[in-house]
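Trainee: Structure in structure tokens, see below.
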Amino acid sequence: MVSATQLEVSAVRADSQTPAIPIGTGSGLIYRIATFGPQAAIAAEEITARLGLRPGCPENTYGPEYIVDATPLRMVSVYRVLMMVFIVQIGTTDAGKTFAVRHEYYKTLYGHAFNRLRIAVDVDRDGVPERMIIGGAVRCVRK
Numbered sequence: 008m009v010s011a012t013q014l015e016v017s018a019v020r021a022d023s024q025t026p027a028i029p030i031g032t033g034s035g036l037i038y039r040i041a042t043f044g045p046q047a048a049i050a051a052e053e054i055t056a057r058l059g060l061r062p063g064c065p066e067n068t069y070g071p072e073y074i075v076d077a078t079p080l081r082m083v084s085v086y087r088v089l090m091m092v093f094i095v096q097i098g099t100t101d102a103g104k105t106f107a108v109r110h111e112y113y114k115t116l117y118g119h120a121f122n123r124l125r126i127a128v129d130v131d132r133d134g135v136p137e138r139m140i141i142g143g144a145v146r147c148v149r150k
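Here it is, written out as structure tokens:
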């Protein structure tokens, strides 16, 4: 946001360090700005639950702050968010079948990416990981 009355808009780019890509000029234009923040929050909770971490698994001592490198979680989160976006679109448009195919595609990518996850956890916060969480490992819990 440049000022209270002026907004700089850019086409989607690879990262925030890349210069803004102009999409045109004009005045009196109406823009809709949408984010995937709510879907990202749901995805984060689901993924942490599957990994046995807080906030998805609130009874656990360890949360995302104990993860040494969260980079491997990035694509898993993106795939999960895209799954949610396309599942909602299935029933809202005439192109429902196309969105169903995309949903299944991202669901497959999500499953494969999650199973490949290797998350190092620094239990005592000394900078050295003591525990490895493997996404595809089955967890058995005795009650």
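Quick note on our numbering: the sequence shown kicks off at 8 and runs consecutively.
Where a beta carbon is used, it is the ideal one built from N, C-alpha and C, also for glycine.
Fair warning: this is a prediction, and the values are worked out from it, not measured in the lab.
1) Hey, how far is the Cα of S23 from the Cα of S17?
2) So, are the CB atoms of F121 and I54 less than 9 Å apart?
3) Going by alpha carbons, who is nearest to G59 out of A127, F106, T42, R132?
4) Out of R109, Q46, A56, Q13, which one is the CA nearest neighbour of I37?
5) Can you say whether V88 is buried or exposed, counting buried as having 16 or more other CB atoms within 10 angstroms of its CB?
6) Sorted by chain position, which residues of the same chain lie with C-beta nearer than 7 Å to E52's C-beta, five sequence neighbours on each side aside?
7) May I ask you to check if the CB of A51 is nearer than 8 Å to at least one heavy atom of the ligand FMN?
8) Helix or strand or just coil, what does DSSP make of R138?
9) If you check the beta carbons only, do V83 and G142 fall under 9 Å apart?
10) Who are the Cβ neighbours of D76 in its own chain at under 7 Å, not counting the five residues just before and after it?
11) Should E15 go down as buried or exposed, given a rule of 16 or more other Cβ atoms within 10 Å for buried?
Mentor: The answer reads as follows:
1) By 1-based counting over the sequence shown, the position of residue 23 is 16. By 1-based counting over the sequence shown, the position of residue 17 is 10. The alpha-carbon atoms of S23 and S17 are separated by roughly 10 Å.
2) Indexing the sequence shown from 1 puts residue 121 at position 114. Indexing the sequence shown from 1 puts residue 54 at position 47. Cβ atoms of F121 and I54: closer than 9 Å.
3) Looking up residue 59 in the sequence shown gives position 52. Checking every option, the nearest Cα to that of G59 belongs to A127.
4) On the sequence shown, residue 37 is found 30 positions in, with the first residue counted as 1. Among R109, Q46, A56, Q13, the Cα nearest to that of I37 belongs to Q13.
5) Looking up residue 88 in the sequence shown gives position 81. The residue in question, V88, is buried, as its Cβ has 16 or more Cβ neighbours within 10 Å.
6) Residue numbering aside, residue 52 sits at position 45 when the sequence shown is read from its first letter. Within the same chain, E52 has close Cβ partners P62, G63.
7) The ligand FMN is absent from the structure shown, which contains no ligand whatsoever.
8) Your numbering for residue 138 matches position 131 in the sequence shown. DSSP places R138 in strand when its eight states are reduced to three.
9) As a working mapping, residue 83 is identified with position 76 in the sequence shown. As a working mapping, residue 142 is identified with position 135 in the sequence shown. The answer is yes: Cβ separation under 9 Å.
10) On the sequence shown, position 69 is the one that residue 76 refers to. Contacts found: A127.
11) Along the sequence shown, read from residue 1 onward, the residue named residue 15 stands at position 8. Under this definition E15 is an exposed residue.
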